[in-house]
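So in my numbering, the last one in the sequence shown is 971, and the numbering has no gaps at all.
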Amino acid sequence: MVSTAEQARAVVRASKFPPIGERGQGSVFAFYGHGLSSVNDYVKSANDTILTIIQVETVAGVENIDEICQTRRIDVIFIGPNDLAQALLGYFPAKGTEPAFVEAVDKIIASAKKHGKKLAITAMDGESTKKATERFDLIVKSGDVKAMNACLLITALIDLQALGVKMVTSNEIIMLAKAADYDSVFIDQEHSVFSLEDVSRLCSVSLLAGITPFVRVPWQCGSGHVLRVLDGGAMGIIFPHISTVEEAKQAVACTKYPPRGNRSLTAALPQFAFQRTDANTVMRQLDSIGSTVLILVETKACLQDIDAIAAVDGVDVLLFGANDLMLEFGVGRDWQIFHDALCAVSEAAHRTGKIFGIAGMYTRPDICKRAVLELGARYVVGHFDLGLLSMGMNNNIKQLKDMEQK
């Protein structure tokens, strides 16, 4: 919401490193994420390649647009049509024919072109997007979860590599996962002290980073809790300790909108970038691609009825829970029992056209590899943040102690 040239210059100073601006160099995650080898490389590259985009959506911004567009290092002038309409007309969205609104948009476009700036605007549907391409260089399509997640989920369930998160609640864990090329995060609320706020923050950052967030909810947490996790940004729910067909059906029902289920509808969801979206679009798209149901196979009862559970409409993934399942059998790693159970889940998934996945084998990559190559596992939880941190620390202290040896 930039309204003056001074505000525009302040944006430039904040977004550029010295000597151009005043941006401070803090986290090292930025240059790792861009594949650069040092902070100096990142600073040099960032000043040249990171776009500075300002949004004009106030009366003052329109009045001062020529001075704003003269600001050096401003790359894109972004028109915020809803806030601009509210400022000019007292309501939104604009019909697009109001003289004051049309005059303001024309003035912004003319000034941007005069000073060599690119133009951007938000569009709400296909028709307005097509029309905007005639005058704008960048069109942000609002309210369409497919733009963010459809391709991600369609491809994510083919050899999906997931990072488990149960300890680190800060955004950096998602940035590290993205830099390491994970496709998904398995956010664990069953075996952690994560709050709903923690889970929602991790999910929202994942959506922005282009990583699919799935959340394992606590056993018997209730449909209300599942609803809040989904509304917080999760693209799927991992249900633990499912043992019967009825439990599987209940799991599906609480993730889907009527008539398929009983999920309640609300507005302004993170999956849609908190943009206003019509109810039919929300329900259709989230039912289709934003409510993946992953069933953890980790009880004897589930294994015994695996074909019927796999056949439940709406169950998407059969996730082999190695630890709890073997605990129920009262064995550590009896290979024959383990192998038979693994094969049974894999075969049930393939017969019913569901995804077969594996979790809990974090120190046995050999078994995970066999599950992928021989049994067709397409969703693999590689490790959890806690385990990776522990291994990294152990390796580091070993290196440090080795330095003491002559």
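Idealized CB from N, CA, C, for every residue including glycine.
In the structure shown, ARG825 falls within a coil segment according to DSSP collapsed to helix, strand and coil.
Annotated three-state conformation of GLN970 is coil, per DSSP. Judged by pairs of C-beta atoms under 8 Å, the segment 797-810 touches the segment 828-843, as three or more such pairs exist. With respect to the 8 Å criterion, ILE619 and PHE643 are classified as neighbours on the basis of their beta carbons. In its chain, beyond the 5 residues on either side, TYR822, ALA844, VAL847, MET848 have a beta carbon closer than 8 Å to the beta carbon of LEU830. Taking C-beta separations shorter than 6 Å and ignoring five residues to either side along the sequence, the partners of SER771 in its chain run ILE739, VAL750, PRO778, following chain order. Burial check for LYS609: the Cβ neighbour count within 10 Å stays below 16, so the residue is exposed.
The closest CA to that of ASP763, considering only GLU737, GLN635, ALA745, PRO930, is found on GLU737. The criterion of a C-beta distance shorter than 8 Å is satisfied by VAL858 and GLY879. By the Cβ criterion, the segment 808-828 is not in contact with the segment 891-910, since fewer than three pairs of Cβ atoms, one from each stretch, lie closer than 8 Å. Listed in chain order, the non-local C-beta contacts of LEU884 below 6 Å within the same chain comprise LEU859, LEU861, GLY922, ALA924, local neighbours out to five positions each way being set aside.
In this structure, DSSP gives ASP753 an extended state, which the three-state scheme calls strand. Cβ contact annotation for LYS672 (same chain, cutoff 8 Å, sequence separation greater than five): VAL627, ILE630, in chain order.
An exposed status is given to SER760, since fewer than 16 other beta-carbon atoms sit within 10 Å of its beta-carbon. Secondary structure note for HIS806: it is in no beta strand (DSSP E), with a DSSP letter that is neither H nor E. The beta carbon of VAL910 sits closer than 8 Å to the beta carbons of VAL862, LEU868, ILE871, LEU883, PHE885, PHE921 from its chain, once the five residues preceding and following it are set aside; these are given in chain order.
Of the other Cβ atoms in all chains shown, fewer than 16 fall within 10 Å of the Cβ of LYS966; this residue is therefore exposed. Counting other Cβ atoms within 10 Å of its Cβ, GLU571 stays below 16 and is therefore classed as exposed.
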